[in-house]
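S.K.: Structure in structure tokens, see below.
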Ligand code: PXP
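Residue numbers (the working numbering): 936 to 1186.
Laid out in structure tokens, this is it:
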């Protein structure tokens, strides 16, 4: 039986990183988002960090105005970000942990430690019509907490799996993959929609894309890097192709 379609959300943060490195007006994240749409992205993901190191408030305004595919707005669980999300009401919000000194989102959100606050934090977002996703490690306690606080979606953090692959630690990689698969099943059985992302490349995407429970992958840094060599459109089309092959029924 064919698996349910797997959406590709293209994260365009690092188009803004390149722009901001020179304080110029280019490259424009909205232009990248339009190319991603044309190349088969089902959605665009952008993370407005508290320090605005890549995506800016003006980028979010432009994306809301200019996109024809859904925007997945990544944000920390702060009052400032909640107010911005409530003003724009994007299709989805993904709540991520954020530390100023980190280079990227290093781990999942510790929902289990902060259930009460997060339940109150996400309620108005869900009431405003946003699909609320929580970015978490593949951990049973975190998944059960995300379910308890009323999240509709969880996004499983694939960073550890990708790091083990890059470091040639294949036994650890395979153990992490097995954990991701088991936790995707648990989350789906609880009624959560399951997404995944972080660090995915052409080499690592397929075993993840093959999980039947998954409905969406969010991929950014590798694609923007690959675009330097291939162009953004072909880089995204190749990722889409690999995902589709991984999901096709085995002959
Ligand atoms: N999903 C979430 C929740 C993220 O925070 C990020 C990185 O911003 C991604 C997916 C995409 O990760 P990458 O840029 O490594 O592909």
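All C-beta atoms, glycine included, are put in the ideal place defined by N, C-alpha and C.
Taking just the CA atoms, how far does residue 1052 sit from residue 1171?
M.R.: 37 angstroms
S.K.: Any heavy atom of the ligand PXP closer than 7 angstroms to the beta-carbon of residue 989?
M.R.: no
S.K.: To which residues of the same chain is residue 1156 closer than 7 angstroms at the C-beta, ignoring the five residues directly before and after it?
M.R.: Correct list, in chain order: 949.
S.K.: Is it the case that the CB of residue 1140 approaches a heavy atom of the ligand PXP more closely than 7 angstroms?
M.R.: no
S.K.: Pick out whichever of 1124, 1121, 1138 has its Cα sitting closest to the Cα of residue 1100.
M.R.: 1138
S.K.: Based on Cα-Cα distance, which residue from 1028, 990, 1071 lies nearest to residue 1114?
M.R.: Selected option, being the one with the closest Cα: 1071.
S.K.: Taking 8 angstroms as the threshold (C-beta atoms), are residue 1046 and residue 1019 in contact?
M.R.: no
S.K.: Any heavy atom of the ligand PXP closer than 7 angstroms to the Cβ of residue 881?
M.R.: No information on residue 881 is available, as it lies outside the stretch 936 to 1186 that the chain covers here.
S.K.: Measuring CA to CA, which of 1043, 1033, 1057, 1034 is closest to residue 1021?
M.R.: 1057
S.K.: Should residue 1096 be labelled buried (16 or more other beta-carbon atoms within 10 Å of its own) or exposed?
M.R.: buried
S.K.: Any idea if residue 1064 is buried or exposed, counting beta-carbon neighbours within 10 angstroms, 16 or more meaning buried?
M.R.: exposed
S.K.: Can you tell me the Cα-Cα spacing of residue 1123 and residue 1026, whole angstroms?
M.R.: 21 angstroms
S.K.: If I measure Cβ to Cβ from residue 1016 and keep anything under 6 angstroms in the same chain, skipping five residues before and after, which residues do I get?
M.R.: 1010
S.K.: Which term fits residue 1040, buried or exposed, when burial requires 16 or more other beta carbons within 10 angstroms of its beta carbon?
M.R.: buried
S.K.: Given that a residue counts as buried once 16 or more other Cβ atoms are within 10 Å of its Cβ, and exposed if not, what is residue 994?
M.R.: buried
S.K.: Looking at residue 1150 and residue 998, is the spacing between their C-beta atoms short of 8 angstroms?
M.R.: no
S.K.: Would you please state the rounded distance, in angstroms, between the beta carbons of residue 1069 and residue 1054? I believe it to be under 8 angstroms.
M.R.: Not a contact, Cβ separation roughly 11 angstroms.
S.K.: Do residue 982 and residue 1031 have their beta-carbon atoms positioned less than 8 angstroms apart in this structure?
M.R.: yes
S.K.: Should residue 1152 and residue 1135 be called a contact, given that it needs their Cβ atoms to be closer than 8 angstroms?
M.R.: yes
S.K.: Is it true that the CB of residue 1174 sits closer than 8 angstroms to the CB of residue 1129?
M.R.: no
S.K.: Just the Cα atoms here: how many angstroms apart are residue 1106 and residue 1094?
M.R.: 16 angstroms
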